[in-house]
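Counting in the numbering used here, the sequence shown runs from 1 upward without gaps.
Heads up, the beta-carbon is just placed ideally off N, CA and C, and yes, glycines get one too.
In this text the structure is predicted, and so the values were computed from the model without any measurement.
Below you'll find the structure, written out as structure tokens, and then a few comments.
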Amino acid sequence: MNDYTDAPVEFPEADRLDGFAHPRMVSEFYGNRAAEKALLEAFSANRLHHAWLFSGPEGIGKATLAYRFARFLLAHDGEGIASADLSMDRDHPVFSQVSALAHPNLLVLRRPWQADRKRLATAITIFEVRRLKRFFGHTAGAGQWRVVIIDRADELNAAAANALLKNLEEPPARCVFLLVCSAPGRLPVTIRSRCRSLGFAPLDEAEFESAVFSAYEAADLVRPALEPVKACMALAQGSVGRALHLLENGGNEMHARLVKLMESLPELNHEAVQLLADEITASGAEDSYELFFDLTGEALARIVGHAATGHGALGREIQLAERMNDSSALAQMAGLWETIQRAKAEADALNLDRKNLVLGTFFRLEDTARQALR
Numbered sequence: 001m002n003d004y005t006d007a008p009v010e011f012p013e014a015d016r017l018d019g020f021a022h023p024r025m026v027s028e029f030y031g032n033r034a035a036e037k038a039l040l041e042a043f044s045a046n047r048l049h050h051a052w053l054f055s056g057p058e059g060i061g062k063a064t065l066a067y068r069f070a071r072f073l074l075a076h077d078g079e080g081i082a083s084a085d086l087s088m089d090r091d092h093p094v095f096s097q098v099s100a101l102a103h104p105n106l107l108v109l110r111r112p113w114q115a116d117r118k119r120l121a122t123a124i125t126i127f128e129v130r131r132l133k134r135f136f137g138h139t140a141g142a143g144q145w146r147v148v149i150i151d152r153a154d155e156l157n158a159a160a161a162n163a164l165l166k167n168l169e170e171p172p173a174r175c176v177f178l179l180v181c182s183a184p185g186r187l188p189v190t191i192r193s194r195c196r197s198l199g200f201a202p203l204d205e206a207e208f209e210s211a212v213f214s215a216y217e218a219a220d221l222v223r224p225a226l227e228p229v230k231a232c233m234a235l236a237q238g239s240v241g242r243a244l245h246l247l248e249n250g251g252n253e254m255h256a257r258l259v260k261l262m263e264s265l266p267e268l269n270h271e272a273v274q275l276l277a278d279e280i281t282a283s284g285a286e287d288s289y290e291l292f293f294d295l296t297g298e299a300l301a302r303i304v305g306h307a308a309t310g311h312g313a314l315g316r317e318i319q320l321a322e323r324m325n326d327s328s329a330l331a332q333m334a335g336l337w338e339t340i341q342r343a344k345a346e347a348d349a350l351n352l353d354r355k356n357l358v359l360g361t362f363f364r365l366e367d368t369a370r371q372a373l374r
């Protein structure tokens, strides 16, 4: 049976992976039980803080728990309810209302869809945060909770963060703010100091596998074999959302191709480079294009980190790390990725040729490797 509710979505959502259930539609929660326990204990003891910061890597269940807790609060008018966890029957009307973003006492702030530009905004703007005034202006039923979810809080621009701070400083009664955040350091200290923080850790192997298979079943998709799921766990760093993206876009295979190419450094197989560049810059291959840069950056970071500390690289990346010359080589390889990132940002902003960018990335890698690798 599916563990999500089909709800109409009128525009693309930044916090939703194509083909899979949005966190607000998910009933199951895997891993990070300590975070769920902390919320439940605070509620049961009538000591529920007005603002909570859910921080940790992307795709490990922060938003899932935020909606899970929101449903729980919206379904319980009283305090001190005895409950073993925050789960809710899928037939409960609150579950359906939250899935459809139709509950009057729930407000979700996130990057808005810009219909005129046909894209998502680059940040959560002050206009989004100003929706709080109208939200708090309507009268909730006696004793009812109101919940505000901000996903992701680190996407607030400066004006929006300042506006939110004013609400956190003088919160309405029986209102809970749930800030979902993957980079808490980007949030102003003044906001962080007004929240109770819950840290989320990557899922362990059993939790990770169960969550991945559950996501596929919920989406009515054929579940992958266990071997590729296990293979992508290290690449995904225990993040289920990241694993789903990798599995759906050939992440395991692309990483293997990248490492094979890098093993031949400082002399690349230019025929193989051309073939890969053609594939990931073809029409409709946008996800592969973005994944290429993600995987390349992560591999370089692991190789440099392993060369410096003796651990962190995956599989055949270790041999590359062992070929690093000295500390100056580490700096060269670390600086290489910064250069590549700047080149990509410029190419995306100016709509430059993507294939030239990919080929240029490999040429930069080749040039740097001649100096940095033995």
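Just to check my reading of the structure: residue i and residue j have Cβ atoms closer than 8 Å, yes? What is that Cβ distance to the nearest angstrom?
i, j, result
"R242", "E58", "7 Å"
"F43", "E36", "Contact flag wrong, Cβ pair sits at about 11 Å."
"I303", "A321", "5 Å"
"S99", "L40", "That pair is no contact at about 21 Å."
"A161", "I191", "6 Å"
"R110", "A14", "6 Å"
"N46", "L74", "17 Å between Cβ atoms; not a contact."
"T368", "I340", "In fact, because the Cβ distance is near 10 Å, the residues do not count as touching under 8 Å."
"G315", "G305", "Not a contact, Cβ separation roughly 15 Å."
"L132", "N167", "5 Å"
"A219", "A21", "6 Å"
"L295", "L258", "6 Å"
"L187", "D154", "6 Å"
"L359", "V229", "Their Cβ separation, rounded to whole angstroms, is 33 Å, which puts L359 and V229 out of contact at 8 Å."
"G56", "L221", "Contact doesn't hold; Cβ gap of about 26 Å is too wide."
In the DSSP assignment, what are the bridge partners of residue i?
i, result
"G335", "Answer is none; G335 lacks a bridge partner."
"A51", "F177"
"W113", "L120"
"L86", "L86 pairs with nothing; no bridge assigned."
"V108", "I149"
Under 8 Å, Cβ to Cβ, is there at least one residue of chain C near residue i?
i, result
"L300", "Any reference to chain C falls outside this structure, which holds one protein chain only."
On the DSSP letters alone, give me the boundaries of the alpha helix (DSSP H) that residue i sits inside.
i, result
"L235", "L226 to A236"
"V259", "G251 to E263"
"V26", "From DSSP, V26 is part of no alpha helix (DSSP H); its letter is neither H nor E."
"P93", "P93 to S99"
"H245", "V240 to E248"
"V358", "R354 to A372"
"L17", "Element bounds for L17: n/a, residue is neither H nor E."
"T64", "K62 to A75"
"L40", "R33 to S44"
"G137", "R131 to G137"
"V273", "H270 to I280"
Touching by the beta-carbon criterion (3+ pairs, under 8 Å), the stretch 191-205 and the stretch 82-100: no
Every unbroken alpha helix (DSSP H) inside the stretch 147-212 [4 residues or more]: 158-169 and 189-192
Three-pair Cβ contact test at 8 Å for the stretch 60-71 versus the stretch 124-139: no
4 or more residues per run - each alpha helix (DSSP H) lying fully within the stretch 282-325: Here the runs fully enclosed are 286-309 and 317-322.
Three-pair Cβ contact test at 8 Å for the stretch 253-267 versus the stretch 292-301: yes
contact_flag[the stretch 244-257, the stretch 284-295] where n(CB pairs < 8 Å) is 3 or more: Contact holds: three or more Cβ-Cβ distances are below 8 Å.
Inter-stretch contact at 8 Å, needing at least 3 Cβ pairs: the stretch 269-287 / the stretch 338-352: no
The stretch 15-33 in contact with the stretch 199-219 per 3-pair CB rule at 8 Å: yes
Validate contact between the stretch 206-222 and the stretch 174-191 using beta carbons, cut 8 Å, 3 pairs: With the rule of 3 Cβ pairs closer than 8 Å, the stretch 206-222 does not count as touching the stretch 174-191.
At least 3 beta-carbon pairs within less than 8 Å: the stretch 46-57 vs the stretch 170-180: Cβ pair count under 8 Å is three or more, so yes.
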